[in-house]
Amino acid sequence: MSPLFGRRPRAATAPESRGEGEEPRRSAEGESGEAELRPARWVVVVPVKPSARAKSRLDVDGVGRADLARAIALDTLTAATACELVAQVVVVTDDAALAREAAMIPALRFVPEGDARGLDAAVATGVSAIDPNGRMPRAALLGDLPALRPEDLADALRAAASVPRGVVPDAEGTGSTLVTAGIGIEWTSSFGDGSFARHVTLGCTALPIPDASTLRHDVDTAGQLEAARTLGLGPRTAALLPR
2 MSPLFGRRPR AATAPESRGE GEEPRRSAEG ESGEAELRPA RWVVVVPVKP
52 SARAKSRLDV DGVGRADLAR AIALDTLTAA TACELVAQVV VVTDDAALAR
102 EAAMIPALRF VPEGDARGLD AAVATGVSAI DPNGRMPRAA LLGDLPALRP
152 EDLADALRAA ASVPRGVVPD AEGTGSTLVT AGIGIEWTSS FGDGSFARHV
202 TLGCTALPIP DASTLRHDVD TAGQLEAART LGLGPRTAAL LPR
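Counting in this note's numbering, the sequence shown runs from 2 upward without gaps.
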């Protein structure tokens, strides 16, 4: 794996010091010392097409399509890494420029896509690279959610933790923006036109995410971008658009 697509090191956390013979600190929940229950943290895979061939239906006057596609992806990644329930974001892409511009976003791992075989193959590549045995809960998130807020993603992941497989529909109710699989559940997905119904057929539970959630507003057209704009776009996408 080339250095470009390698995993950036994260700052080490110093271990908690103890005196000689001192036992580890116990949970505040009781003398039994049982660990405090914490919500599961997720691996989130985001497939991103190279910006030169992304968003073919997204035309905005005065804005380059490739620049806009990359800005949308970067805003999505920033929001995903800021989500409190996300342990790792895996970006599957061959867009070297995206990797360079994402250098300041923490908790990212880049995996090369290789031969372009569609979203599902790209997601499967990311899942197998980071957690092939399903030791953590995993999710696939579309990379075109420029208004995404970390708390909206967290709400969906909390809901997904109670089902083996979950799916969040897009604003139109026909596509999918997030697909999940719990610990030990074999990964499968079927993105593309009409994907929501296919995901339900595959055993995904429709997660109770409100229409106004920023997680439901992916962007493929100028009209969808304007709808996302009313929710509040990420800074990179907003900076490219005329005021």
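Every residue gets a Cβ at the ideal spot worked out from N, C-alpha and C, and that includes glycine.
Taking residue i and residue j to be in contact with their CB atoms under 8 Å, please state how far apart those CB atoms are, rounded to whole angstroms.
i, j, result
"Ala-108", "Thr-82", "5 Å"
"Ala-162", "Pro-138", "7 Å"
"Leu-75", "Ala-103", "6 Å"
"Ala-141", "Ser-190", "6 Å"
"Val-93", "Gly-65", "Actually they do not touch by this definition, with Cβ atoms about 23 Å apart."
"Ala-88", "Val-44", "6 Å"
To the nearest angstrom, how far is the alpha carbon of residue i from that of residue j?
i, j, result
"Ile-131", "Val-124", "11 Å"
"Met-105", "Pro-165", "34 Å"
"Asp-68", "Glu-187", "36 Å"
"Leu-234", "Asp-219", "11 Å"
"Pro-243", "Gly-193", "30 Å"
"Asp-248", "Leu-203", "Past the boundaries of the shown model lies residue 248; the chain is included only from 2 to 244, so the question cannot be answered."
"Arg-62", "Gly-174", "Checking the displayed sequence, the identity of residue 62 turns out to be Asp instead of Arg. Rounded to whole angstroms, Asp-62 to Gly-174 spans 28 Å at the Cα level."
"Arg-110", "Val-91", "5 Å"
"Ala-213", "Thr-231", "11 Å"
"Ala-240", "Pro-113", "28 Å"
"Ala-70", "Thr-77", "11 Å"
"Asp-116", "Lys-50", "11 Å"
"Pro-133", "Gly-176", "26 Å"
"Cys-205", "Thr-181", "8 Å"
"Val-201", "Pro-48", "21 Å"
"Arg-159", "Leu-179", "13 Å"
"Ala-122", "Ser-129", "10 Å"
Are the beta-carbon atoms belonging to residue i and residue j less than 8 Å from one another?
i, j, result
"Ala-229", "Val-168", "no"
"Gly-144", "Ile-184", "no"
"Thr-215", "Leu-120", "no"
"Asp-221", "Leu-59", "yes"
"Arg-237", "Ala-72", "yes"
"Arg-118", "Leu-86", "no"
"Cys-267", "Pro-151", "Shown here, the chain extends from 2 to 244; a query on residue 267 therefore has no answer."
"Ile-210", "Arg-199", "no"
May I ask whether a heavy atom of the ligand MG can be found less than 7 Å away from the beta carbon of residue i?
i, result
"Val-61", "Here there are no bound small molecules, and the ligand MG is not part of this structure."
Pairing CB atoms from the region 220-227 with CB atoms from the region 151-161, are three or more of them under 8 Å?
Put simply, the region 220-227 does not touch the region 151-161. Fewer than three CB pairs are less than 8 Å apart.
Entirely within the region 99-151 and at least 3 residues each: give me those beta strand (DSSP E) ranges in chain order.
If we require 3 residues or more, the beta strand (DSSP E) runs fully inside the region 99-151 come out as 109-112 and 139-142.
What ranges does the beta strand (DSSP E) occupy inside the region 173-224, keeping only unbroken runs of at least 3 residues that lie completely in it?
Secondary structure within the region 173-224: the beta strand (DSSP E) runs of 3 or more consecutive residues, fully enclosed, are 177-182 (chain order).
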